[in-house]
Amino acid sequence: MSATLDGQSLFEEQELEIQIAGFNRDSIERRVPGLDGVLSIDLGKRGRKIRQRGTLRAVSRSQMDSRISTITAYMDGNTHTLVTGKGEKFDNLRMDVFTVTKEEISGSGLCWDYEIVYTQVVV
-10 MSATLDGQSL
0 FEEQELEIQI
10 AGFNRDSIER
20 RVPGLDGVLS
30 IDLGKRGRKI
40 RQRGTLRAVS
50 RSQMDSRIST
60 ITAYMDGNTH
70 TLVTGKGEKF
80 DNLRMDVFTV
90 TKEEISGSGL
100 CWDYEIVYTQ
110 VVV
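For the sequence shown, our numbering assigns the number -10 to the initial residue and increments by one for each residue that follows.
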């Protein structure tokens, strides 16, 4: 089973690496004149960053361009669901960055390393 984004199989599983950052918390601090100390209001957990690294393979440049166009179409500000071949499911992901980190041309076609940065907006 390969990794899917909103049910679409877009990535090769054998080269896929998912890196999950910790949660962030946010708070507001207020000071009151005449009183010592600070009032701290906890705003709870905020989103966390999830990085996906892998390799895209294609037979031709036009096929690679098509794959990249399909992936970057998910940079629409909406949330999506990523499911890995191991069954790990990440809901509420907003795709923020798609970067090609390395391009190689081999006898069988094109091989590009990529990195995607998501923000998991609701945990």
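Where a beta carbon is used, it is the ideal one built from N, C-alpha and C, also for glycine.
Values in this document were obtained by computation on a predicted structure and should not be read as measured data.
Contact set for residue i: own chain, Cβ-Cβ below 7 angstroms, skip 5 residues either direction
i, result
"I57", "none"
"I60", "L(-1), F87"
Under 8 angstroms between C-beta atoms of residue i and residue j
i, j, result
"A47", "L99", "yes"
"R42", "E6", "yes"
Beta-carbon contacts of residue i that lie in its chain and below 6 angstroms, excluding the five residues immediately before and after
i, result
"P22", "none"
"L71", "L(-6), F79, L82"
Chain-order list of residues whose beta-carbon lies under 8 angstroms from that of residue i (same chain, five-residue window excluded)
i, result
"M44", "One point to set straight first is that residue 44 is Thr, not Met, in the sequence displayed. If we look at T44 and ignore the five residues flanking it on each side, its Cβ neighbours are E1, E4, C100, W101, D102, Y103."
"I14", "Note on residue identity: the sequence assigns Arg, not Ile, to residue 14. Contacts found: D31, L32, G33, K34, R35."
Length of the line joining the Cα atoms of residue i and residue j
i, j, result
"R20", "V86", "38 angstroms"
"S95", "Q52", "15 angstroms"
"D54", "Y107", "21 angstroms"
"A(-8)", "G26", "50 angstroms"
Start-to-end residues for the beta strand (DSSP E) that takes in residue i
i, result
"R20", "Segment: none, R20 is in no beta strand (DSSP E) and carries neither H nor E."
Residue i, enclosing alpha helix (DSSP H) - first and last residue
i, result
"M53", "50 to 61"
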